[in-house]
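Notes to accompany the following structure.
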Amino acid sequence: MKRTIVTLPGDGIGRTVLDAAVKVLNAAGFDAEYIEGDIGWEFWRKEGNPLPDRTINLLNEHKIALFGAITSKPKEEAANELSDDLKDKGLVYSSPIVNLRQHFNLDICLRPCRSYEGNPLNFIRRGANGDIEEPMVNVAIFRQNTEGLYGGVEWSNPNDKVYDGLMTHPKFVKNFSQAPRADLSISTRIFTKRATERILLAAFEYARQYGYKSVTLAEKPNVIRETSGMMYKMAKELQREHFSEIELWNTNIDAQMMWLTKNPENYGVIVAGNMFGDIVSDGFAGLIGGLGFACSAQYNPDNGISVFEPTHGSAPKYETFKPSIVNPIAMIESACMMLDHISENDLAKKIRNAIAKVIKEGKVRTYDMLKLKGSPDVFNHGAASTDEMADAIIANL
Ligand code: NAI
Ligand code: MG
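Going by the numbering used here, 1202 is the number at position 76 of the sequence shown; the sequence numbering is gapless.
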């Protein structure tokens, strides 16, 4: 069946890596039609909206999207770059990828981190007898994608209603009521049962489907008693009632960040709220090669809408490099996640095997894999271009 996939290249290197991924998908035999959707800085400047309604409609219609990256800038800077006829209309910039997540309630974010054998960026450590050990990392991080500290319920100099509400809490009275109200900045961390259950369920089901023996909750229930505490309680119930063959481990996020550099091979599926999930997934990504390798999926099981994207941004400083130097693997891996999502598992496996061969062989490496500083000069030091990496993967399909 021919699929229709929405491509959202966005800004900077977004288009470069997305083109490379589509090239690999085509070469692997994925039968699809690609429809490009408008998103990003150009549409902010020209239309005052970085996520036009026509893009929302495209996603409503076709459900599955590959997303490159967007550029975000602070409010004032963004307003200054609007075209003249849009200036002074009071338009306020907000990130289109964050808006896309909110609009479609893409509340499940999955970020797998798996080491490739032979990747020079793999985490290594010294073992008990002094040998260098290179533990293979294979984790899948589930991050709640819409609530918590990134939910946007925030105030500086809170209004009367908010302030009076806070004054009903004894800890607020004790710790914060001395400060002038104008000096207060407040960001809330709100969890709902519904969203918490959805992310926990997604994590446990994934563990079951892919044979992971443990699910680790990386929160802080001993201190953040309400939100983290609720999540831990729900995780325990879910495990006991429906997933008794899978172990539930409970770690504190701070300790987890230490453990992941000591024994990352011990972990399987990790689940956390929005911010801790963001942090712990970047931590694990660092062990498997960093931004050039970190892929992600965001989806909503109810409406079937899913967006697959590398976790890196638009790296504007490399946008104009010809040929491009950036590593397309994170984007190509994100495309593999899309294939898995639509039950094209054999195709995903075929592409991942080709990536594995290229990395193991070690002949074709982008600048980041050679630990070079990004510059147009990297080719003189043996680095492959974005296209050369994509072509090497294609040659190994
Ligand atoms: P970034 O991820 O774009 O770049 C950070 C550094 O990582 C780059 O300088 C580069 O050295 C390296 N890098 C990134 N992608 C790479 C790749 N594929 N291969 C090799 N090296 C790579 O983050 P930065 O510089 O903080 O932000 C740039 C812009 O991207 C900002 O406007 C930011 O708001 C936006 N951004 C967008 C995201 C998204 O679209 N989901 C996520 C993160 C940042
Ligand atoms: Mg992050």
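Quick reminder that beta carbons are idealized off the backbone N, C-alpha and C, glycines included.
Checking the DSSP bridge columns, you'll see valine 1148 has no partner listed. Excluding residues up to 5 positions away in sequence, Leu1275 and Glu1280 lie with their Cβ nearer than 7 Å to the Cβ of serine 1313 in the same chain. The alpha carbon of glycine 1399 has as its nearest neighbour, out of Leu1236, Glu1159 and Arg1171, the alpha carbon of Leu1236. Sequence-distant partners of asparagine 1186 (beyond 5 residues in either direction) whose C-beta falls short of 8 Å from its own C-beta, in its chain, are Ile1431. Restricted to the stretch 1452-1476, the alpha helix (DSSP H) segments that are unbroken, complete and at least 4 residues in length are 1455-1467, listed in chain order.
Under DSSP, tyrosine 1425 forms a beta bridge with Ile1234 and Ser1432.
Rounded to the nearest angstrom, the Cβ distance from isoleucine 1234 to tyrosine 1425 is 5 Å, consistent with a contact under 8 Å. In this structure, the straight-line span from the alpha carbon of aspartate 1472 to that of phenylalanine 1156 is close to 10 Å. Separation of isoleucine 1190 and isoleucine 1267 (C-alpha to C-alpha, rounded to the nearest whole angstrom) is 21 Å. If you ignore the 5 residues before and after leucine 1386, its C-beta comes within less than 8 Å of the C-beta of Tyr1393, Val1406, Gly1409, Phe1410 and Leu1413, all in its own chain and listed in chain order. In this model, alanine 1456 and glycine 1138 are separated by some 15 Å (Cα to Cα). Note: threonine 1342 is bridge-paired with Trp1375 and Ile1396 in the DSSP secondary-structure output.
Secondary structure note for glutamate 1168: it is in no beta strand (DSSP E), and the uninterrupted alpha helix (DSSP H) holding it is 1167-1173. No heavy atom of the ligand NAI is found nearer than 7 Å to the CB of histidine 1507.
Nearest to valine 1218 by alpha-carbon distance, out of Glu1445, Leu1177, Gly1416 and His1188, is Leu1177. DSSP places alanine 1195 outside any alpha helix (DSSP H); the residue lies instead in the beta strand (DSSP E), whose first and last residues are 1190-1195.
Taking 7 Å as the cut-off, the C-beta of histidine 1438 counts as close to a heavy atom of the ligand NAI. Secondary structure note for threonine 1130: its beta strand (DSSP E) is the uninterrupted segment 1129-1136.
Nearest to serine 1241 by C-alpha distance, out of Lys1128, Pro1390 and Ala1516, is Pro1390. For alanine 1158, the three-state secondary structure derived from DSSP is strand.
The shortest CA-to-CA distance from lysine 1443 to any of Pro1502, Pro1436, Asp1404 and Arg1478 is the one to Pro1502. Per DSSP, glutamine 1335 is one residue of the alpha helix (DSSP H) stretching across 1319-1336. DSSP places asparagine 1255 outside both helix and strand once states are collapsed to three, so it counts as coil. Annotation for aspartate 1466: Ala1474 place their beta carbon closer than 6 Å to its own, counting only its chain and skipping 5 residues before and after. The way I'd put it, the stretch 1513-1523 does touch the stretch 1488-1497; three or more beta-carbon pairs between them come closer than 8 Å. Contact check for isoleucine 1451 and serine 1370: beta-carbon distance about 49 Å, past the 8 Å limit, so the pair fails to qualify.
In terms of side-chain proximity, the C-beta atom of glycine 1136 is found nearer than 7 Å to a non-hydrogen atom of the ligand NAI.
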